[in-house]
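Undergrad: The structure that follows is given in the form of structure tokens.
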RNA sequence: GCGCCCGUAGCUCAACUGGAUAGAGCAUCAGCCUUCUAAGCUGAGGGUUAUAGGUUCGAGUCCUAUCGGGCGCGCCA
């Protein structure tokens, strides 16, 4: 039994004895026991007396006193005491605390793993940006967060499959296609005015040039539509015109090529950022495999769809959405929502218990629709966990950089991580909570990269490696056995603090994975690094006393193990030298 | 107008999901390298947690209103 469980048992028995409270009654109130990293309140503490105050109609201090006097004994427990408002603090015998170091030493990077009580099969979808341009700094946040969350959930013991949903069908792909065709025509000498809404940028030109090199040719007789129409109408007219001029076969070929190349570009942007998703799921394949019709049949069969104005509607308002939504348009084409219903149903059919979607916060209005889609295909709304990512605002110094994908005026994520480094960029992205806006100052990140907290943590680890080297250099051989038998000589206040914090690693993994809060790992590592630096500054590790020396080295190895493991979750490297 | 998210030190952010004296970094000031990496350490100043109520043993955290910022309300994706 874990220490927590043993102490909880002790409290339960004491309450039965002192106040005649049964276990079920206690469950209503909720028995909490927290592990303290702050040593002045003992190793564990409970607020149960405070919580019972109103129920028992007595002052919490008295209740706490009565509980403490009824407490049984435990071999590991040195003493229990009640303090000020009514907390009960538990103090363990010294030796017991040190055993955590041996555990870390034995388990290595497995320490804290598989702590989740209910292990799930998770499909984690993130980034999923349209393949119409390079990924920008906003996507970078999704990439860093999503990938780290995957690592964190795996660490906690879940089975995770990461996926990128590729929107390779629909209007935006047509626009990509005609954008490429425009550049092909230009490359062949045709003078064409810019049209608002088309994708621009060197990547479009490169794709166009590539197609020309493969001797793709377009009939030059393009009739530009009247400019008087609205931007959207103009584009629609242009798509029709281009399909007509090129012929649907060639149009399709160019479109496929463009998507393929864009996808490669996206994959490269991600992979150089140490993000490699397990799968890319094609929206187009939903059509070719008949998944959309299949989904429509299911929602009809379940009585969740109806026809109106020639369109097929999902009765999503039954399941928490503001209104019903069109699934199949009047003209027979399916909507984007139809694809999503089919896609999410398919995720469930592939056997995943939990679907996690990392979406931009601008999609929050879409969440209830997705849930309604799941329910109407016979799944549960709670199968889906949407994480809304707040925006990244980019600054150069004090100047805000406005971003827009369409106008081509955006900063690619590649530029960002080439400039500040993958380690710093990934750490910075995930060190803020996902529901918090993120201000990213490029000037600050480049100029002051020495002040970035990621270096602070990496430096702590490099220092440890250096101490271990120094130990050898002085002719000492690390004696694990001797160290282990002298762990209780680590009795400095700072050493005890470090040991307590190390002991909190598993619950940090558990809590941050449950809250999908990767930033908690970053914060934990900052605290650990801070304690270590302070320890290092005040204490000589490579001591002449071999008992203390070897015990301290064990402590350092443990700190290093946790830092490396934690940084790995964040996708950050652990250099041994800096 | 309706809905969702957010307001914490001058700036950027924490605070173990309701706990004990609200903490770091940057910036400012004062110290520390003939001890293992100074990308470091030690100390100082800086707060009515946007505002006003409420809930209870206890509120930055929960509920209500107000103010301020972001986003969303398509047979677009």
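In our numbering, the protein residues as written are 8 to 585.
Using N, Cα and C, we set each Cβ at its ideal position, and we do this for glycine too.
(1) I'd like the span of the beta strand (DSSP E) that includes residue 95, first residue to last.
(2) Can you tell me whether residue 568 is buried or exposed, with buried defined as 16 or more other CB within 10 angstroms of its CB?
(3) For the structure I just gave you, are there three or more beta carbon pairs, one from the stretch 173-193 and one from the stretch 306-321, closer than 8 Å?
(4) Determine the direct distance from the alpha carbon of residue 131 to that of residue 230, and round the result to whole angstroms.
(5) Should residue 399 be labelled buried (16 or more other beta-carbon atoms within 10 Å of its own) or exposed?
(6) For the stretch 141-161 against the stretch 426-440, do three or more pairs of beta-carbon atoms, one drawn from each stretch, fall closer than 8 Å, so that the two count as touching?
(7) Using only the alpha-carbon positions, how far apart do residue 413 and residue 180 sit?
(8) Spell out a yes or no on whether the stretch 63-70 and the stretch 464-482 are touching, meaning 3 or more CB-CB pairs, one atom from each, closer than 8 Å.
(9) When you compare only the Cα positions, how much space is there between residue 169 and residue 211?
(10) Does the Cβ of residue 39 have 16 or more other Cβ atoms within 10 Å, making it buried, or fewer, making it exposed?
(11) Determine the DSSP secondary structure at residue 134, reduced to helix, strand or coil.
(12) I need the DSSP call for residue 7, collapsed to helix, strand or coil.
(13) Nearest to residue 120 by CA position, among 519, 362 and 197, is which residue?
(14) Is it buried or exposed, residue 340, if we count other Cβ atoms within 10 angstroms and call 16 or more buried?
(15) Within 8 Å, do at least three Cβ pairs link the stretch 331-351 to the stretch 373-382?
(16) How close, in whole Å, do the beta carbons of residue 184 and residue 262 come, if the pair is a contact with beta carbons under 8 Å?
(17) Suppose the cutoff is 7 Å on Cβ atoms and the five residues either side in sequence are ignored; what does the same chain contact list for residue 526 look like?
(18) For residue 371, count the other beta carbons within 10 Å of its own beta carbon; 16 or more makes it buried, fewer makes it exposed. Which is it?
(19) Can you find at least 3 beta carbon pairs, one from the stretch 96-107 and one from the stretch 56-67, that sit closer than 8 Å?
(20) Any heavy atom of the ligand HEM closer than 6 Å to the Cβ of residue 494?
(21) Is the stretch 558-573 close to the stretch 497-517, with three or more CB pairs under 8 Å?
(22) Where do the N-terminal and C-terminal ends of the alpha helix (DSSP H) with residue 313 fall, by residue?
(23) With 16 as the cutoff for other CB atoms within 10 Å, does residue 585 come out buried or exposed?
(24) Specify whether the stretch 262-272 and the stretch 137-146 touch according to this definition: at least 3 beta carbon pairs, one from each stretch, less than 8 Å apart.
(25) Grab me the residues of residue 177's own chain with a C-beta within less than 6 Å of its C-beta, minus the 5 sequence neighbours each way, in chain order.
(26) Take the Cβ of residue 493 as the centre, count every other Cβ of all protein chains shown within 10 Å, and call the residue buried at 16 or more, exposed below.
(27) Give me, in chain order, the residues of the same chain whose beta-carbon lies closer than 7 Å to that of residue 529; leave out the 5 immediate sequence neighbours on both sides.
(28) Could you spell out where the beta strand (DSSP E) holding residue 89 opens and where it closes?
(29) I need the straight-line Cα distance from residue 94 to residue 122, nearest angstrom please.
(30) Give a yes or no on whether the C-beta atoms belonging to residue 561 and residue 490 are separated by under 7 Å.
(31) Among 11, 173 and 384, which residue has its Cα nearest to the Cα of residue 326?
(32) Mapping DSSP to helix, strand and coil, what is residue 413?
(33) What separation, rounded to the nearest whole angstrom, lies between the Cα atoms of residue 61 and residue 54?
(34) Thinking C-alpha only, which one of 281, 34 and 374 is nearest residue 428?
(35) Please confirm if the stretch 247-262 is in contact with the stretch 213-231, defined as three or more CB-CB distances below 8 Å between the two stretches.
(36) Using only alpha-carbon positions, find the residue among 33, 316 and 354 that is nearest to residue 337.
TA: So, from the listed chains and residues:
(1) 94-99
(2) buried
(3) no
(4) 45 Å
(5) Under a 10 Å Cβ-count criterion, residue 399 is classified as buried, with 16 or more other Cβ atoms of the shown protein chains found around its own Cβ.
(6) yes
(7) The pLDDT assigned to residue 413 is 48, lower than 50, so where the model puts this residue is not dependable, and the model offers no usable value.
(8) no
(9) When rounded, the distance between both Cα atoms is 28 Å.
(10) exposed
(11) In the structure shown, residue 134 sits in coil (DSSP, three-state: anything other than H, G, I, E or B).
(12) Outside the shown range of the chain (8 to 585) lies residue 7, about which nothing can therefore be said.
(13) 519
(14) exposed
(15) yes
(16) 4 Å
(17) Short of 7 Å from the beta carbon of residue 526, and not among the five residues preceding or following it, lie these beta carbons of its own chain, in chain order: 437, 438, 439 and 440.
(18) exposed
(19) no
(20) This structure does not include the ligand HEM; it has no bound ligands of any sort.
(21) yes
(22) Per DSSP, residue 313 belongs to no alpha helix (DSSP H); it is in the beta strand (DSSP E), 312-315.
(23) exposed
(24) yes
(25) none
(26) buried
(27) 434, 437, 438 and 577
(28) 84-90 is the span of the beta strand (DSSP E), which, as asked, contains residue 89.
(29) 27 Å
(30) yes
(31) 384
(32) The pLDDT assigned to residue 413 is 48, lower than 50, so where the model puts this residue is not dependable; a value taken from the coordinates is nonetheless given after this. DSSP places residue 413 in coil when its eight states are reduced to three.
(33) 13 Å
(34) 281
(35) Short answer: they touch.
(36) 316
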